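Residue numbers (UniProt numbering): 1 to 146. Each residue gets a CB set at the ideal place from its N, CA and C atoms; glycine is no exception. Here the structure is a predicted model, which means the values were calculated and not measured. Data block below; observations after.
Structure below.
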């Protein structure tokens, strides 16, 4: 895979992944706990407040991921921080499953993505950053021009 193709592929992956927290975050902000799959949960003002607050933070994670797309080769620290938090969140889902039983299949799938995608994105971003640093500088006039 060429340097440009590697960068473009990473940009596409990060853009697609950014859509998940933006979309689900907005859905959760607007719908509250009622949007959760399965039987309607009992709720309270405290639960709704906290759930919608964290949905807003989740949406912000997605917007931050989207912000990294055009500068993906320079966004290693941001992608590592977000990826680390999401990976730990996946581990916490596993802990919750061990303590309380398996959740709805959508959350099992979410845990799988949360554990697989961050290491892939962090590794891929490091490869793209390394290739970008190693690439020769482009002449001011463009390729083949001084």
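Check                                                                                                               : Outcome
Cα-Cα separation between residue 17 and residue 62, rounded to whole angstroms                                      : 8 Å
Integer Cβ distance of residue 83 from residue 111, believed to fall under 8 Å                                      : About 15 Å; that fails the 8 Å criterion.
Where the alpha helix (DSSP H) containing residue 159 begins and where it ends                                      : Since the displayed the chain opens at 1 and closes at 146, residue 159 lies outside it and no answer follows.
Contact set for residue 64: own chain, Cβ-Cβ below 7 Å, skip 5 residues either direction                            : 78 and 82
Segment limits, alpha helix (DSSP H) that includes residue 119                                                      : 105 to 134
Distance CB(residue 80)-CB(residue 122) smaller than 7 Å                                                            : yes
For residue 42 and residue 70, the rounded distance between their alpha carbons                                     : 42 Å
Collapsed DSSP secondary structure at residue 147 in the structure displayed                                        : Any property of residue 147 remains undetermined from this structure, which presents the chain solely from 1 to 146.
Cβ separation of residue 37 and residue 106, assumed to be a contact under 8 Å, to the nearest whole Å              : 6 Å
Whether residue 20 touches residue 27 by CB criterion (7 Å)                                                         : no
Test item: CB-CB of residue 25 and residue 67 under 7 Å                                                             : no
Other residues of its chain near residue 11: CB distance less than 8 Å, five sequence neighbours each side excluded : 69, 70 and 72
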